[in-house]
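In the working numbering, each residue's number is its place in the sequence shown (first place is 1) plus 35. C-beta: ideal position from N, C-alpha, C; glycine also. Computed from a prediction, not measured in an experiment: that's the story for all the values here.
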Amino acid sequence: MTDSKVLPHLATPRGRFPHYKQAGELVFISGTSSRLPDNTFVGVEVDHLGVTSLDIRAQTRAVIENIESIVNSMGAGLGDLVQITTYLVSMNDFGGYNEIYAQYFDETGPSRTTVAVHQLPHPHLLIEIQAVAKIPATPEIRKQS
Numbered sequence: 036m037t038d039s040k041v042l043p044h045l046a047t048p049r050g051r052f053p054h055y056k057q058a059g060e061l062v063f064i065s066g067t068s069s070r071l072p073d074n075t076f077v078g079v080e081v082d083h084l085g086v087t088s089l090d091i092r093a094q095t096r097a098v099i100e101n102i103e104s105i106v107n108s109m110g111a112g113l114g115d116l117v118q119i120t121t122y123l124v125s126m127n128d129f130g131g132y133n134e135i136y137a138q139y140f141d142e143t144g145p146s147r148t149t150v151a152v153h154q155l156p157h158p159h160l161l162i163e164i165q166a167v168a169k170i171p172a173t174p175e176i177r178k179q180s
């Protein structure tokens with residue numbers, strides 16, 4: 036079974052790619068950010084003078100919840116993730132990212148790699164996460180696992 040989907044309840048991808056592609060029991064989740072369906076970003080505040088403040092904790096939480104929404108759409112959960120790759124614009128945000136990540140996962144969670152990148156597709160983004168999940172291909176198998 037191979038299936039690709041753009042989910043209508045999430046922000047539309049900023050290119051021609053799906054939110055996820057399923058190949059058998061493996062689901063490859065495209066890089067996911069804190070962007071909302073209305074094209075605003077969680078973890079971004081702009082004051083009356085136009086000064087922008089970015090919050091790695093709020094963005095990390097939003098990214099994980101967006102990924103959770105993707106796996107939930109397939110009848111699965113965060114516990115079905117087997118691998119995560121995180122892209123941070125600055126390793127100075129590693130501590131805040133780790134703090135929120137630990138609220139969702141522990142040492143029994145997915146394998147993880149975190150790398151610093153020069154920039155992400157929008158200047159308000161501090162983080163993007165790509166993931167792989169193992170989800171049984173049929174609902175009957177999911178119930179048995």
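Can you tell me whether DSSP reads residue i as helix, strand or coil?
i      : result
GLN138 : coil
ALA166 : strand
LEU61  : strand
GLY130 : helix
Taking 8 Å as the cut-off, decide whether the C-beta atoms of residue i and residue j are in contact.
i      : j      : result
TYR55  : ILE105 : yes
GLN165 : GLY66  : yes
VAL152 : VAL124 : yes
ALA97  : GLY114 : no
ILE162 : ARG92  : no
GLU103 : PRO171 : no
From the options, pick the residue whose C-alpha is nearest to that of residue i; which is it?
i      : options                        : result
LEU45  : ASP82, ILE99, LEU84            : ILE99
ARG147 : GLY110, ALA168, PRO156         : ALA168
GLY131 : THR95, PRO156, GLU163, LEU116  : THR95
GLY50  : ILE162, HIS157, VAL117, ILE170 : HIS157
THR87  : ASN107, HIS159, GLU163, PRO171 : HIS159
GLY144 : VAL81, LEU71, ILE119           : ILE119
ASN74  : ILE64, GLN57, PRO48            : PRO48
VAL117 : PHE129, SER39, GLU142, ASN133  : GLU142
ASN101 : ALA58, ILE64, SER39            : ILE64
PRO43  : SER108, LEU84, GLY112          : SER108
GLN57  : ALA111, GLU80, ALA137          : ALA111
Please classify residue i: is it buried, with 16 or more other beta-carbons within 10 angstroms of its beta-carbon, or exposed?
i      : result
SER69  : buried
VAL41  : exposed
MET126 : exposed
PHE76  : buried
LEU89  : buried
VAL62  : buried
LEU71  : exposed
ASP82  : exposed
ASP38  : exposed
Please report the residue range of the beta strand (DSSP E) in which residue i lies.
i      : result
ALA58  : 55 to 58
GLN207 : Here the chain covers residues 36 to 180 and nothing more, so residue 207 does not appear.
LEU116 : 116 to 123
VAL81  : 79 to 81
Give the range of the alpha helix (DSSP H) segment to which residue i is assigned.
i     : result
GLN94 : 91 to 107
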